[in-house]
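Taking it in order: structure first as C-alpha cells, then the write-up.
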Amino acid sequence: MRQRPYSEYREYPEEEMIRRALEIHQELSRRRTVRHFSDRPVPREIIEQCLLAASSAPSGANRQPWHFVVVTDPATRKELRAAAETGEREFYGGRAPREWLEALEPLGTDAHKPFLEDASCLIAIFAQTYSLAGEQNRAKNYYVTESVGIATGMLIAALHHCGLATLTHTPSPMSFLKTMLGRPPNERPFLLLVVGYPAEGCQVPDIDRKPLEQIATFVEDESAHRHVDARSSSGEKRA
Ligand SMILES: Cc1cc2nc3c(=O)[nH]c(=O)nc-3n(C[C@H](O)[C@H](O)[C@H](O)COP(=O)(O)O)c2cc1C
Numbered sequence: 000m001r002q003r004p005y006s007e008y009r010e011y012p013e014e015e016m017i018r019r020a021l022e023i024h025q026e027l028s029r030r031r032t033v034r035h036f037s038d039r040p041v042p043r044e045i046i047e048q049c050l051l052a053a054s055s056a057p058s059g060a061n062r063q064p065w066h067f068v069v070v071t072d073p074a075t076r077k078e079l080r081a082a083a084e085t086g087e088r089e090f091y092g093g094r095a096p097r098e099w100l101e102a103l104e105p106l107g108t109d110a111h112k113p114f115l116e117d118a119s120c121l122i123a124i125f126a127q128t129y130s131l132a133g134e135q136n137r138a139k140n141y142y143v144t145e146s147v148g149i150a151t152g153m154l155i156a157a158l159h160h161c162g163l164a165t166l167t168h169t170p171s172p173m174s175f176l177k178t179m180l181g182r183p184p185n186e187r188p189f190l191l192l193v194v195g196y197p198a199e200g201c202q203v204p205d206i207d208r209k210p211l212e213q214i215a216t217f218v219e220d221e222s223a224h225r226h227v228d229a230r231s232s233s234g235e236k237r238a
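Here the sequence shown is numbered in numbering that gives the first Met the number 0, starting from 0 and rising by one per residue.
Below you can see the structure in the form of C-alpha cells.
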C-alpha cells in the first residue's frame, strides 16, 4: 500500500479545540428538518461542493458505495411526488402498523408530499450493494448501510453549514426512485433528501433533544478524573 504524509491534519491548542467543540455543537443544533419549502433555486455549485464533502466520508474498504442523483427539473419532481404519494397513501391508509403511525403523530406528517415539488432541489441517494468493476466484474462492498449513512449525515451537515434546509425523506416504498431515475441493478434507493430554503413563516415541530447523560456513557480514565476535579476545585464549572 502506497503511503504519504498526513499533511492535511491540523492541531489546535486545547482552548481552541474547546471553542470549536462548542461552535460545532451550536451550529449543528440549529439544524431542523423542514417540511415547508420555498421554490427559490439552489445554486448548483453549493450542491456540488456539498456532495464532494459528503463523498470524503469514510467507507468500508474505501468502496465509496454511494451515488447521488440531483433533480432540479420541475417535471421530474412532479412525477416523483406523484409516485411517492401513491405509496404513502397506502402506507398511511392501512399498511403502516398503528405503533408507527402513533410515533409519527407529533410530527404531523401525512400522505401529502408537496415539498417534493415546492423545493427546488431533490437529492436521491443510492447505496451500491456491490461495485461494478468492469463489464461483468462484481466487487463486493462492505458495510454499505453504515458507509452511506455516514456520507448522508455529512451531506446534511454540509448543506446546513451553507445555509440550506433539508428534509430527510424515506418514501415507503422507495423502489420508484430506482426505476424513475434509471439507476443500475447494483444500486438500491437509500433516501431522498429534499434541499432548499424554508418557506416564509416555516414552522417546525417543537421537539426536545435527549440530555448528554441519556445519550452517552463514559468509561473514564481515573487520571482524567483527577485532572477535571483539580480544575473544578479551582472554580471552573463542571457539566
Ligand atoms: C432515516 C430518516 C428517515 C426519515 N424519514 C422522514 C420522512 O419520510 N418524512 C418526514 O417528514 N421526516 C422524516 N425524517 C425526519 C425526522 O422525522 C426528523 O429528523 C426528526 O423528527 C427530528 O427532527 P429534526 O430533524 O428537525 O431534528 C426522517 C429522518 C431520518 C433520520
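Ideal Cβ placement from N, Cα and C applies to all residues, glycine included.
By the neighbour-count definition (other C-beta atoms within 10 Å, threshold 16), V218 is an exposed residue. G195 sits buried, since 16 or more C-beta atoms from the chains shown fall within 10 Å of its C-beta. Short of 7 Å from the beta carbon of S119, and not among the five residues preceding or following it, lie these beta carbons of its own chain, in chain order: D38, R39, P40, V41, T71 and G195.
Shortest Cα-Cα distance from C49 to any of V143, R208 and I122 involves I122. A distance of 8 Å or more separates the beta carbons of F36 and V143.
The beta carbon of R34 sits closer than 7 Å to the beta carbons of F114 and L166 from its chain, once the five residues preceding and following it are set aside; these are given in chain order. DSSP places C120 outside any alpha helix (DSSP H); the residue lies instead in the beta strand (DSSP E), whose first and last residues are C120 to Q127. Looking at the DSSP output, P188 bridges to F125.
In the three-state scheme derived from DSSP, where H, G and I count as helix and E and B as strand, R31 is classed as coil. As DSSP reads the structure, K139 sits in a beta bridge with Y129.
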